[in-house]
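Residue numbers (the UniProt record's numbering): 1 to 689.
Ideal Cβ positions, reconstructed from N, Cα and C, are used throughout, including at glycine.
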């Protein structure tokens with residue numbers, strides 16, 4: 001791709017900034033990097049320090065998200081151990097955690113949950129990340145500490161709270177592909193106990209695709225607007241009340257799929273741009289209170305509505321293919337936890353109601369038409385708890401149990417019409433038409449999911465843990481099936497027996513720490529996606545499969561102004577007993593699941609005013625979802641940023657994929673693929689007020 005002089009200048013400036021720490025000693029800085037023991041994990045519901053959390057967990061601070069320009073959950077996933085993604089478009093990533101979740105964007109149930117301020121959210125339409133305080137990634141089954149059950153793990157996003165000092169910030173950006181972004185954030189105290197925070201912004205981007213047929217360079221572009229208003233009230237009894245209203249609306253084109261030889265050059269020959277529009281509105285509410293006996297009550301309520309209009313260019317299949325999908329979800333969760341001597345406990349309950357309208361149209365009229373409509377409603381009721389016992393000062397054992405009931409019902413109809421060759425001359429000359437439908441087809445199950453954990457911490461430098469748990473992914477319906485027999489026959493729930501063993505060590509000086517964990521999951525009836533030649537998908541069950549692997553992490557502060565983070569991970573996630581048609585997938589790695597990944601990053605407060613960041617990550621070989629036969633080779637991403645801050649002003653440069661590595665993120669059964677993001681460069685300015 002041809003680069004402008006501005007892009008070349010930004011690139012060389014970032015290269016120089018990354019080399020500076022090697023050419024000169026670090027200067028003392030007032031820009032403090034965070035203490036190694038300061039991070040608290042809120043996703044455990046017990047506000048445990050990250051170092052003493054009995055779970056594989058990663059944390060990304062909001063400042064890191066902004067400085068590194070991690071726009072979406074897909075950007076985050078490429079830079080964390082055993083976390084990856086698949087995506088239809090730039091703004092709709094579907095996460096895989098240790099290989100689980102590769103079918104979440106097309107199935108009726110999910111492996112991995114995404115929470116915003118304690119409320120589960122449809123992650124497929126989440127879009128851009130903005131005004132985030134902290135992002136937490138918990139790997140493995142989460143069945144006793146979180147309301148919505150998750151087989152593979154979860155991502156918890158916490159937005160920034162209002163502040164009790166009036167002020168705010170304006171941020172402007174310009175970058176590759178005519179990317180333009182503006183964001184305004186402000187805090188307004190209403191009383192000494194009540195404050196409001198408002199964040200609003202918008203972004204425009206022409207996208208990375210050049211379409212030779214249309215003569216356009218913006219057929220994968222988008223325009224988006226986003227906003228959030230959040231209220232914090234501290235009552236006189238020590239209670240904390242938080243309410244948030246979140247919204248995002250993105251309108252874009254959908255010229256992403258292309259033959260591999262064109263996709264690697266970020267080109268397309270599609271005859272139209274297609275459509276990719278997403279929108280969500282989310283309400284979040286939380287009440288939190290700690291009583292005099294140190295018992296804590298937390299209540300979360302939420303509601304969200306999401307819309308995704310997804311229509312492929314007509315030249316992909318020779319006709320119209322896509323859907324306008326709407327989803328609504330209402331949730332409530334309450335938890336009470338406390339401690340009496342050497343006994344600690346947690347009890348909670350969770351309620352959820354989901355409604356999804358999931359149509360799919362494949363129109364090659366007059367020769368063929370498939371028009372399917374499905375309305376799915378689901379209800380979940382769960383109660384969960386954990387009882388911990390510190391039977392020695394350095395030892396703690398805990399047992400947990402979740403009892404969950406899921407019920408789904410579906411109304412479904414399908415019209416199949418077209419023409420066929422009635423006399424064998426090779427020319428369609430006779431029409432056909434059929435309509436099938438049913439209402440209120442139901443499936444339900446009640447499950448008990450136990451969990452056991454053992455912790456050992458002889459002092460502040462050592463922490464070890466063992467977790468044994470049972471995971472579960474609910475059954476569901478094939479909403480896109482074209483026949484009543486397959487649509488009405490629910491696929492089975494997925495179960496997994498899970499074990500994880502971990503160890504962490506922190507130096508007495510608190511300037512470095514390391515961690516390691518190994519894990520194993522034995523899966524039964526894993527839910528997998530099958531795609532037909534028309535792009536329609538259905539879910540089936542693989543007989544047996546497993547994942548196992550290793551994750552290593554390290555953090556070191558060689559100087560007060562420098563922090564280095566590194567990780568390495570290995571992952572074997574394979575089908576043990578799965579045959580589809582004439583193809584035996586036994587021994588094959590799950591799609592969207594790199595066999596290894598590793599990375600290193602550095603943050604450097606060079607002076608009182610200058611901060612520098614850089615990172616290098618490498619993803620191992622993987623198969624492109626949903627086709628478990630098309631391979632994506634190993635690839636490396638290099639990012640960097642440099643920012644200058646003085647008084648209320650800031651200016652910075654950022655770059656992602658500086659090596660301009662070509663890779664692919666998704667495939668179709670016809671061999672078409674989607675390319676990942678090429679080199680992205682930009683400049684940003686900000687002003688606080």
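Three-state class that DSSP yields for residue i in the structure shown
{"i": "residue 560", "result": "coil"}
{"i": "residue 31", "result": "Model confidence at residue 31 stands at a pLDDT of 41, short of 50, so the residue's coordinates are unreliable; what they give is reported in the following sentence. Correct three-state label for residue 31: coil."}
{"i": "residue 211", "result": "strand"}
{"i": "residue 51", "result": "helix"}
{"i": "residue 400", "result": "strand"}
{"i": "residue 188", "result": "strand"}
{"i": "residue 661", "result": "coil"}
{"i": "residue 124", "result": "helix"}
{"i": "residue 178", "result": "helix"}
{"i": "residue 418", "result": "strand"}
{"i": "residue 590", "result": "coil"}
{"i": "residue 394", "result": "coil"}
{"i": "residue 543", "result": "strand"}
{"i": "residue 567", "result": "strand"}
Bounding residues of the alpha helix (DSSP H) (the contiguous stretch that carries residue i)
{"i": "residue 105", "result": "First-last for residue 105: undefined, no H or E at that position."}
{"i": "residue 642", "result": "Segment 635 to 646 is the beta strand (DSSP E) holding residue 642; no alpha helix (DSSP H) there."}
{"i": "residue 76", "result": "73 to 77"}
{"i": "residue 262", "result": "260 to 263"}
{"i": "residue 613", "result": "Residue 613 -> not in any alpha helix (DSSP H); beta strand (DSSP E) instead, spanning 610 to 619."}
{"i": "residue 581", "result": "Taken as a continuous stretch (DSSP letters only), residue 581 belongs to no alpha helix (DSSP H), as it is neither H nor E."}
{"i": "residue 484", "result": "484 to 487"}
{"i": "residue 218", "result": "Run containing residue 218: none; DSSP gives neither H nor E here."}
{"i": "residue 67", "result": "62 to 67"}
Element boundaries [beta strand (DSSP E), containing residue i]
{"i": "residue 655", "result": "649 to 656"}
{"i": "residue 451", "result": "430 to 459"}
{"i": "residue 97", "result": "93 to 97"}
{"i": "residue 166", "result": "Careful: residue 166 lies outside any beta strand (DSSP E) and carries neither H nor E."}
{"i": "residue 134", "result": "132 to 139"}
{"i": "residue 292", "result": "Residue 292 -> no beta strand (DSSP E), and no H or E assigned at all."}
{"i": "residue 228", "result": "222 to 234"}
{"i": "residue 116", "result": "112 to 116"}
{"i": "residue 680", "result": "680 to 688"}
{"i": "residue 470", "result": "462 to 473"}
{"i": "residue 329", "result": "320 to 340"}
{"i": "residue 357", "result": "343 to 357"}
Whole-number beta carbon distance between residue j and residue i, since they are thought to touch under 8 Å
{"i": "residue 266", "j": "residue 210", "result": "6 Å"}
{"i": "residue 574", "j": "residue 563", "result": "Not quite, the Cβ-Cβ distance comes to about 36 Å (not below 8 Å), so this is no contact."}
{"i": "residue 325", "j": "residue 356", "result": "7 Å"}
{"i": "residue 554", "j": "residue 514", "result": "5 Å"}
{"i": "residue 122", "j": "residue 280", "result": "7 Å"}
{"i": "residue 455", "j": "residue 396", "result": "4 Å"}
{"i": "residue 694", "j": "residue 596", "result": "Residue 694 cannot be examined here, being either before or after the span of the chain that is shown, 1 to 689."}
{"i": "residue 385", "j": "residue 151", "result": "The Cβ separation is near 20 Å, so there is no contact."}
{"i": "residue 85", "j": "residue 538", "result": "Rounded, the Cβ-Cβ distance is 22 Å, inconsistent with contact."}
{"i": "residue 140", "j": "residue 498", "result": "6 Å"}
Euclidean distance between Cα positions of residue i and residue j
{"i": "residue 584", "j": "residue 632", "result": "20 Å"}
{"i": "residue 651", "j": "residue 182", "result": "14 Å"}
{"i": "residue 572", "j": "residue 611", "result": "38 Å"}
{"i": "residue 255", "j": "residue 313", "result": "7 Å"}
{"i": "residue 319", "j": "residue 364", "result": "5 Å"}
{"i": "residue 410", "j": "residue 440", "result": "5 Å"}
{"i": "residue 769", "j": "residue 581", "result": "The displayed coordinates of the chain run from 1 to 689. Any statement about residue 769 would go beyond what the structure contains."}
{"i": "residue 689", "j": "residue 377", "result": "47 Å"}
{"i": "residue 681", "j": "residue 128", "result": "17 Å"}
{"i": "residue 118", "j": "residue 157", "result": "8 Å"}
{"i": "residue 686", "j": "residue 172", "result": "6 Å"}
{"i": "residue 258", "j": "residue 677", "result": "14 Å"}
{"i": "residue 249", "j": "residue 635", "result": "32 Å"}
{"i": "residue 180", "j": "residue 426", "result": "53 Å"}
{"i": "residue 391", "j": "residue 62", "result": "38 Å"}
{"i": "residue 500", "j": "residue 458", "result": "20 Å"}
Cβ pair residue i, residue j closer than 8 Å
{"i": "residue 111", "j": "residue 101", "result": "yes"}
{"i": "residue 310", "j": "residue 88", "result": "yes"}
{"i": "residue 548", "j": "residue 520", "result": "yes"}
{"i": "residue 493", "j": "residue 329", "result": "no"}
{"i": "residue 115", "j": "residue 154", "result": "yes"}
{"i": "residue 306", "j": "residue 352", "result": "no"}
{"i": "residue 68", "j": "residue 620", "result": "no"}
{"i": "residue 239", "j": "residue 225", "result": "no"}
{"i": "residue 168", "j": "residue 350", "result": "no"}
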